[in-house]
Amino acid sequence: MEPSVAELKQKIEDTLCPFGFEVYPFQVAWYNELLPPAFHLPFPGPTLAFLVLSTPAMFDKALKLFLKSYHLQPLRDPVDQCVSYHLRSVTEKFPELQMEVIADYEVHPNRRPKILAQTNDKMWMLTPGGPST
Numbered sequence: 004m005e006p007s008v009a010e011l012k013q014k015i016e017d018t019l020c021p022f023g024f025e026v027y028p029f030q031v032a033w034y035n036e037l038l039p040p041a042f043h044l045p046f047p048g049p050t051l052a053f054l055v056l057s058t059p060a061m062f063d064k065a066l067k068l069f070l071k072s073y074h075l076q077p078l079r080d081p082v083d084q085c086v087s088y089h090l091r092s093v094t095e096k097f098p099e100l101q102m103e104v105i106a107d108y109e110v111h112p113n114r115r116p117k118i119l120a121q122t123n124d125k126m127w128m129l130t131p132g133g134p135s136t
């Protein structure tokens with residue numbers, strides 16, 4: 004049995020909010036209706052997605068701890084790597100769901116962005132596609 008939107012949102016918030024993230028659910032159809040087809044997300048319209056935003060608190064609550072855990076190890080992009088680490092923890096909590104994380108900096112081979120976002124912060128999206136088969 005799949006969790007309800009409210010249950011899923013609460014579990015994601017329980018995982019991410021203590022580290023300075025905010026979580027907002029939406030349907031892929033809502034996003035796709037606003038954009039030309041070239042920028043549509045490749046998921047069915049009723050697919051549930053979550054916009055995950057980092058807040059200024061993420062610096063103290065997540066990034067500093069992440070940097071300490073990687074002391075003296077080279078990091079290519081510490082902020083993105085930190086956020087990816089925390090988003091992976093969410094996907095690991097829901098092995099029964101198909102989830103894809105799309106970061107705001109990801110691009111297709113033709114350099115077209117995988118997702119369009121205009122924020123003052125980073126944007127990451129979790130897209131549970133339903134139960135794994």
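Each number in my numbering comes from the position in the sequence shown (counting from 1) with 3 added on. Heads up, the beta-carbon is just placed ideally off N, CA and C, and yes, glycines get one too. It should be emphasised that the depicted structure is a prediction, and the values quoted were computed from it without experimental measurement.
Just to confirm, are residue i and residue j a CB contact at a threshold of 7 Å?
i: PHE46; j: VAL26; result: no
i: PHE1; j: PRO21; result: Here the chain covers residues 4 to 136 and nothing more, so residue 1 does not appear.
Would you report the Cα separation of residue i and residue j, rounded to the nearest angstrom?
i: PHE24; j: ASN113; result: 31 Å
i: TYR73; j: ARG79; result: 12 Å
i: GLU103; j: PHE97; result: 12 Å
i: PRO116; j: SER7; result: 30 Å
i: ILE118; j: LEU100; result: 21 Å
i: ASP63; j: SER57; result: 11 Å
i: GLN13; j: HIS111; result: 31 Å
i: MET61; j: LEU70; result: 12 Å
i: ILE15; j: LYS67; result: 21 Å
i: PRO77; j: ASP17; result: 30 Å
i: GLY48; j: LEU19; result: 25 Å
i: ALA106; j: THR50; result: 17 Å
i: ALA9; j: PRO59; result: 25 Å
i: SER87; j: ASN35; result: 24 Å
i: TRP33; j: ALA65; result: 30 Å
i: GLU95; j: GLU109; result: 21 Å
i: ASN123; j: GLU5; result: Annotation note: pLDDT 45 at ASN123 (below 50); position unreliable, coordinate value reported separately. Those two C-alpha atoms are separated by around 33 Å.
Can you tell me whether residue i is buried or exposed, with buried defined as 16 or more other CB within 10 angstroms of its CB?
i: SER92; result: exposed
i: LEU38; result: exposed
For the putative contact between residue i and residue j, defined by C-beta atoms under 8 Å, what is the C-beta separation to the nearest angstrom?
i: VAL55; j: LEU11; result: Not confirmed; about 13 Å, so no contact.
Looking at C-beta atoms only, is the number of pairs between the segment 36 to 44 and the segment 76 to 92 that lie closer than 8 Å three or more?
no
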